[in-house]
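> Numbering (this note's numbering), first residue to last: 101 to 396.
Quick reminder that beta carbons are idealized off the backbone N, C-alpha and C, glycines included.
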Amino acid sequence: MQLRQWFLTVCLIGITLPSLAESPPDNVQEKKSEPPYSELSMYDKPLMERYVLDELKALRTNQQDLERRMIVEITDRELTVADKSLNYANVTVTYFFYIIAGVASLIALIGWQSLREMRVNTKKMADQQLQEIAEQYEKKFQVLERELRRKTRSISDNNKEIEKINEVHNLWLRAQNFQNPEQKMEVYDEILKIRPGDLEALTHKADAAMEIREFHWALSLCNRVLEVDDSNAHALYQRACAYARLGVDEQAISDLERSIAESALMRDLAAEEADFEMLHGNERFDLLIATADQQA
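1) Three or more beta-carbon pairs under 8 Å between the stretch 257-264 and the stretch 228-242, yes or no?
2) Between which two residues does the alpha helix (DSSP H) containing residue 304 stretch?
3) So does the stretch 260-280 actually touch the stretch 183-190, counting three or more Cβ pairs closer than 8 Å?
4) What does a CB cutoff of less than 6 Å around residue 121 pick up in its chain, not counting 5 residues either side in sequence?
5) For the alpha helix (DSSP H) holding residue 339, just list the boundary residues, first then last.
6) Check each candidate in 374, 285, 332 and 347 and name the one with the smallest Cα separation from residue 357.
7) May I ask you to report which of helix, strand or coil DSSP gives residue 249?
8) When you measure from the CB of residue 155 to every non-hydrogen atom of the ligand MG, does any distance come out below 7 Å?
9) Given a cut-off of 8 Å, decide if residue 285 and residue 301 are closer than it, judged by their beta-carbon atoms.
10) Measuring CB to CB, does residue 387 end up less than 8 Å from residue 359?
11) Using 10 angstroms around the beta-carbon of residue 381, count the other beta-carbons present and answer buried if the total reaches 16, otherwise exposed.
12) Rounded to whole angstroms, what's the CA-CA distance from residue 201 to residue 217? Just pull it up for me.
13) Using DSSP with H/G/I as helix, E/B as strand and the rest coil, what is residue 380?
14) Among the residues of its own chain, which have a CB less than 8 Å from the CB of residue 304, if the five just before and after it don't count?
15) For residue 377 and residue 254, what's the separation of their Cα atoms in angstroms?
16) Nearest to residue 323 by alpha carbon, out of 231, 314 and 339?
17) Can you have a look at residue 306 and say buried or exposed, based on whether 16 or more other CB atoms are within 10 angstroms of its CB?
18) Mind checking which residues open and close the alpha helix (DSSP H) that includes residue 281?
Following this line, the structure appears as structure tokens:
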């Protein structure tokens, strides 16, 4: 029977091997037809937003895994400590009884104390020793418990921070999809509710205020940002636009110069900025624009 099965197996292998050798797998042909990754268009590659979301998801998963591993490790340590304490107590009591037996024999021979007094004293010594051991391990357990609570709070705070990051990221994506300045400002207000004082949200809100021609409002928002970060190039640029619209030309040019000093990209933006139309003809402004044209 075994010989027959072996013969059938050899025959099947002999039949299938030629067919496999003649027809290459479909997936190999498909892989050959696919262009290499380096030749793909930029629009066919994964988006940065997806990468960030995957990284955040991986970070959250790692935090949860860390919490589980920490709980298991601390539980194992507690069990190990408890086991060692019981063994230590058992060994201690055993040695005490050996000592008691020797001392009792010596006392019986010498006649220093009665057996009853020795038993009472030995019991007191054993109780005292066990009490000290129990207090020591109780202190160790308290330290472990505090450490566990601290790490649990840290993990919980990290999870909350990750949730905030995800929510803020989604709001930024929503703001990018909106064309209406009022809708953008509503999204920026939601971001500021989650992260009060977010400088980037304030500067983008000032930009939206400029679009609806609320120049004083935009100026106030830029001042709030510059009170925290006086070298914020975007806020300086937006404030320069607001000053230009309000007719404060010299202050507008001063803020524009500071913005360009912080970020050279602002010079190219200023050359095409509609808010600076009234500054054309000003010597300082024309010098900045001429510098941008020369570099271009």
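Looking at the coordinates:
1) Too few Cβ pairs lie closer than 8 Å, so no.
2) 299-311
3) no
4) For residue 121, the predicted structure reports a pLDDT of 46, less than 50, and the residue's modelled location is therefore unreliable. The matter cannot be settled from this model.
5) Taken as a continuous stretch (DSSP letters only), the alpha helix (DSSP H) holding residue 339 covers 333-346.
6) 332
7) Residue 249 sits in a helix when the DSSP states are folded into three classes.
8) This structure lacks the ligand MG; in fact it carries no ligand of any kind.
9) no
10) no
11) exposed
12) 14 Å
13) coil
14) 275, 284 and 288
15) Cα to Cα, residue 377 sits roughly 53 Å from residue 254.
16) Checked all of 231, 314 and 339; the closest Cα to residue 323 is 339.
17) Counting Cβ neighbours within 10 Å, residue 306 comes out buried, since at least 16 surround it.
18) Element bounds for residue 281: 281-294.
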